[in-house]
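*Asks:* FYI, in the numbering used here the residues of the sequence shown are 236 to 276. The C-beta atom is built at its ideal place from N, Cα and C for all residues, glycine as well.
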Amino acid sequence: WQDGSRTVMEELAWQRWDGERIAEETFFYDPAQRVPKPAEA
């Protein structure tokens, strides 16, 4: 965040592989986690 606060979030990644490479990737998270925590002094 621009004021120096930060957010820690857990997320899940869904991946579709094509051989040895990731062909598609989608991330999922709970938007309720997007609450800024004050910057540490």
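Suppose the cutoff is 8 Å on Cβ atoms and the five residues either side in sequence are ignored; what does the same chain contact list for PRO266 look like?
*Replies:* Closer than 8 Å at Cβ, skipping near neighbours: no residue.
*Asks:* Determine the extent of the beta strand (DSSP E) in which ASP253 is found, giving its start and end residues.
*Replies:* Per DSSP, ASP253 belongs to the beta strand (DSSP E) from 246-253.
*Asks:* Under three-state DSSP, which class holds ALA267?
*Replies:* Reduced to three states, the DSSP call for ALA267 is helix.
*Asks:* I need the straight-line Cα distance from GLU245 to VAL270, nearest angstrom please.
*Replies:* Roughly 13 Å separates the two Cα atoms.
*Asks:* With DSSP run on the structure shown, which of helix, strand or coil describes ALA274?
*Replies:* Three-state DSSP puts ALA274 in coil, outside helix and strand.
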